[in-house]
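Chains as they are written, first to last, in the numbering used here: chain A, 52 to 254; chain B, 52 to 254; chain C, 52 to 254. Cβ coordinates follow ideal geometry from the N, Cα and C atoms, glycine included. Data block below; observations after.
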Amino acid sequence: MLYLIIDILGAAAFAISGVLVAMEKKLDLFGVLIIAFVTATGGGTLRDVLIGNKPVFWMLNPIYLFTILGAVILAILFVNQLKYLRKTLFLFDTIGIGLFTMVGIEKGLEAELAPPICIILGTITASFGGVIRDILCNEIPVIFQKEIYATACILGGVSYFLLAMTPIDSAYSYIVAIMIVIVFRLLAVKFHIALPNIYKVKK
Amino acid sequence: MLYLIIDILGAAAFAISGVLVAMEKKLDLFGVLIIAFVTATGGGTLRDVLIGNKPVFWMLNPIYLFTILGAVILAILFVNQLKYLRKTLFLFDTIGIGLFTMVGIEKGLEAELAPPICIILGTITASFGGVIRDILCNEIPVIFQKEIYATACILGGVSYFLLAMTPIDSAYSYIVAIMIVIVFRLLAVKFHIALPNIYKVKK
Amino acid sequence: MLYLIIDILGAAAFAISGVLVAMEKKLDLFGVLIIAFVTATGGGTLRDVLIGNKPVFWMLNPIYLFTILGAVILAILFVNQLKYLRKTLFLFDTIGIGLFTMVGIEKGLEAELAPPICIILGTITASFGGVIRDILCNEIPVIFQKEIYATACILGGVSYFLLAMTPIDSAYSYIVAIMIVIVFRLLAVKFHIALPNIYKVKK
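Right, dumping it as structure tokens:
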């Protein structure tokens, strides 16, 4: 139950971030709807396809479809409020990342895959929707460029597996890992924490 | 049988539309072949992967491969006739869309999925080949921009499910739904019918 | 065993080619890692998804993950040596293509698919990692433009099936087919062999 709620909240957060990017690109109503749908479901869809869960998650429960539709309608109606808040896009994105990382790890565990593979699945679930969104809008995916993104997912995933070795209740570890992803990404952006530079600086 | 013929006609129509786009991009012979193949099979492949049909449809029956090869050879031979007919590209595309929408809905019904999910599958089958074609050619997919496209698929899909509630024979509903997609899209482009503008006009 | 070694060598070769492209695009450490991973596993992943092998190959054996990580670390450490050697990128790419073509054909045979479909699967395994790499870096995939690529895969695949009809041991045919792909591509580039021009030259 907790799991379904988290999955749906993540879908709504990502759908809204999809609407904002699509409207910046001036796509028409269906373009906006499709980008929102793909942003919200893309990561989980790829995860299910790679694991071999069939059919993919959003086909079995219409609640995902209705959640995304609702989020798109709200986002279009209140776009003027949203679009002057550049931080809102970022916040929704970050919340979605945190929630989806743990959903992906959970599905990997259900399929009895090894922890490193589960962490990759969590990262895919969290990031691939945004990657498709950017590819469809013909941009180099944000994730590959400037921001701490995958790092936050991996950190959250590792934390979860470390907490799982303690006597802490699994539901708490789950929530704590989500918070770690979100807080780490927010702090990383606020304090400009970046990965070590792998390119030699020319002198 | 009717179903297989429709699927193959759709593949040929989409393969030709793929050849025309690829030749405009001056791709080499294999580039043209691959784009044609992907345009013709991409939508159905994604549909089968999402549903979990394995292996995907074109692997089980070599007729798809030979149909696409034949269509590519014909299109390359007669490209001079085709390319001065800009409307031809559009017409083949539209026929493919109509045929594939119903093929996708049919496959969704076979997998016992809910009608809204079937309509999404029909839309994916009809549109995703063109989306991949455009992504591979490094353009923002046509579907997200100016044309009535997904709207036509959805309208045809909804019509099919409405007709299915009447005593009309299923094969007729099938054909009627295909015609609705094709005619609606042709009329929409001819009379410049567009989706309601979701962007406020600046005064 | 031979098969696993070939698969891992191919993954390492493609991972290095991914690192070099990603570093040219100045992606950050994780961007580089993701592009290397996707270049190395993308073709095999698509192949497994299309056939319906579940989960996809790299989830079952962590050796792929560690091989790619190792190759990325080596490539980053020795990038200065590598990057002045433009031919190195090309050579690694070509070796990966040869190895992966046969891995893909093998998997198709295991799934009892027809020879032409197996050859397509070999070509997908060999080329799709590079296609995703180029799409993610926002370029028209190299494969669609100037180089003999798919042609080499198809030639190798056809050779394999022809050799399989002779009394030659299957392991030898396997190695010979890999060499045909590699040698043909190297010769094609060296002697500027290209596909026949399908565009009429304007006089």
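Quick check: the Cα distance between Val107/A and Ile102/B, rounded to an integer number of angstroms?
As a working note, residue 107/A is residue 56 in the first sequence. As a working note, residue 102/B is residue 51 in the second sequence. For Val107/A and Ile102/B, the distance between alpha carbons rounds to 7 Å.
Would Lys241/B be called buried (16 or more neighbouring beta carbons within 10 Å of its own) or exposed?
Against the second sequence, residue 241/B aligns to sequence position 190. Exposed.
When we look at the beta-carbon of Thr96/B and count the other beta-carbons within 10 Å, is it buried (16 or more) or exposed?
Translated into the one-based positions of the second sequence, residue 96/B becomes position 45. Residue burial annotation: Thr96/B is buried, with at least 16 other C-beta atoms found within 10 angstroms of its C-beta.
Boundaries (first-last residue) of the alpha helix (DSSP H) holding Phe65/B:
On the second sequence, residue 65/B is found 14 positions in, with the first residue counted as 1. Phe65/B: member of the alpha helix (DSSP H) spanning 53 to 75, first to last residue.
In this structure, how does DSSP classify Ile148/A when only helix, strand and coil are distinguished?
Indexing the first sequence from 1 puts residue 148/A at position 97. DSSP places Ile148/A in the helix class (H, G or I) of the three-state scheme.
Going along the chain, which residues of its own chain have a beta-carbon closer than 7 Å to the beta-carbon of Leu246/B, five neighbours each way excluded?
In the second sequence, residue 246/B corresponds to position 195, counting from 1. The beta carbon of Leu246/B sits closer than 7 Å to the beta carbons of Thr202 from its chain, once the five residues preceding and following it are set aside; these are given in chain order.
Let me know the secondary structure DSSP gives Gly173/B once reduced to three states.
Numbered from its first residue, the second sequence carries residue 173/B at position 122. Note: Gly173/B maps to helix in three-state DSSP.
Length at least 4, wholly inside the stretch 201 to 234 of chain A: the alpha helix (DSSP H) runs in chain order
Listed in chain order, they are 201 to 214.
Grouping DSSP H, G and I as helix and E and B as strand, with all else coil, what is Glu161/A?
The count along the first sequence starts at 1 and reaches residue 161/A at position 110. Glu161/A falls in the helix class under three-state DSSP.
Could you pull the start and end residues of the alpha helix (DSSP H) that Ile199/C belongs to?
Walking along the third sequence from the start, residue 199/C turns up at place 148. Run containing Ile199/C: none; DSSP gives neither H nor E here.
Can you give me the Cβ contacts of Met74/B inside the same chain, cut-off strictly under 7 Å, excluding the 5 residues immediately before and after it?
Here residue 74/B refers to the residue found at position 23 of the second sequence. Hits under 7 Å: Val83, Val130.
Taking the straight line between their C-alpha atoms, what separation do you get for Pro167/B and Ala228/C?
Residue numbering aside, residue 167/B sits at position 116 when the second sequence is read from its first letter. Residue numbering aside, residue 228/C sits at position 177 when the third sequence is read from its first letter. Cα atoms of Pro167/B and Ala228/C: separation of roughly 48 Å, rounded to the nearest angstrom.
Delimiting residues of the alpha helix (DSSP H) encompassing Val100/B
Within the second sequence, numbered from 1, the residue matching residue 100/B stands at position 49. That run of the alpha helix (DSSP H) goes 80 to 102.
With a CB to CB cut of under 8 Å and the five nearest residues on each side skipped, what residues in its chain are close to Pro113/B?
Residue numbering aside, residue 113/B sits at position 62 when the second sequence is read from its first letter. Cβ within range, chain order: n/a, list empty.
Could you tell me the alpha carbon to alpha carbon distance between Ile199/B and Tyr200/A, rounded to whole angstroms?
Along the second sequence, one-based indexing puts residue 199/B at 148. Along the first sequence, one-based indexing puts residue 200/A at 149. Taking the straight line joining both Cα atoms gives about 36 Å.
Considering only residues of the same chain and omitting the five flanking positions on each side of Glu175/A, which have a CB-CB separation below 8 Å?
As a working note, residue 175/A is residue 124 in the first sequence. A quick correction: the sequence has Ile, not Glu, at residue 175/A. So the qualifying residues of the chain are Gly94, Leu97, Arg98, Leu101, Gly155.
Quick check: what's the CA-CA separation for Ala122/A versus Ile148/A?
Position 71 of the first sequence, counted from the start, is the residue given in the question as residue 122/A. Position 97 of the first sequence, counted from the start, is the residue given in the question as residue 148/A. Annotation: Ala122/A to Ile148/A spans about 17 Å, alpha carbon to alpha carbon.
Determine the chain B residues that contact Leu116/A at a beta-carbon separation under 8 Å, and present them in chain order.
Residue mapping note: residue 116/A aligns to position 65 of the first sequence, counting from 1. Scanning chain B for C-beta atoms nearer than 8 Å to the C-beta of Leu116/A yields Pro167, Ile168, Ile171, reported in chain order.
Residues near Val252/C in its chain [Cβ-Cβ closer than 6 Å; skip 5 each side]
Looking up residue 252/C in the third sequence gives position 201. Confidence in Val252/C is poor, its pLDDT being 47 and thus under 50, which makes the residue's placement too unreliable to answer from.
Comparing alpha-carbon positions, which option in Tyr54/B, Leu187/B, Ile219/B lies nearest Thr90/B?
Along the second sequence, one-based indexing puts residue 90/B at 39. Selected option, being the one with the closest Cα: Leu187/B.
For Met110/A, the first and last residue of its enclosing alpha helix (DSSP H)
Numbered from its first residue, the first sequence carries residue 110/A at position 59. It is not in any alpha helix (DSSP H) - Met110/A carries neither H nor E in the DSSP assignment.
Can you list the residues of chain B that Ile186/A reaches, using a CB-CB cut of under 8 Å?
By 1-based counting over the first sequence, the position of residue 186/A is 135. In chain order: Ile186.
Does any C-beta atom of chain B lie closer than 9 Å to the C-beta of Lys105/A?
If you number the first sequence from 1, residue 105/A lands on position 54. Interface residue, yes.
Is Leu237/B helix, strand or coil by DSSP?
As a position in the second sequence, residue 237/B is number 186, starting the count at 1. Note: Leu237/B maps to helix in three-state DSSP.
In this structure, how does DSSP classify Pro167/A when only helix, strand and coil are distinguished?
For the purposes of this step, residue 167/A is taken as the residue at position 116 of the first sequence. Correct three-state label for Pro167/A: helix.
Can you tell me where the alpha helix (DSSP H) holding Leu116/A begins and where it ends?
Indexing the first sequence from 1 puts residue 116/A at position 65. First-last of the alpha helix (DSSP H) with Leu116/A: 114 to 128.
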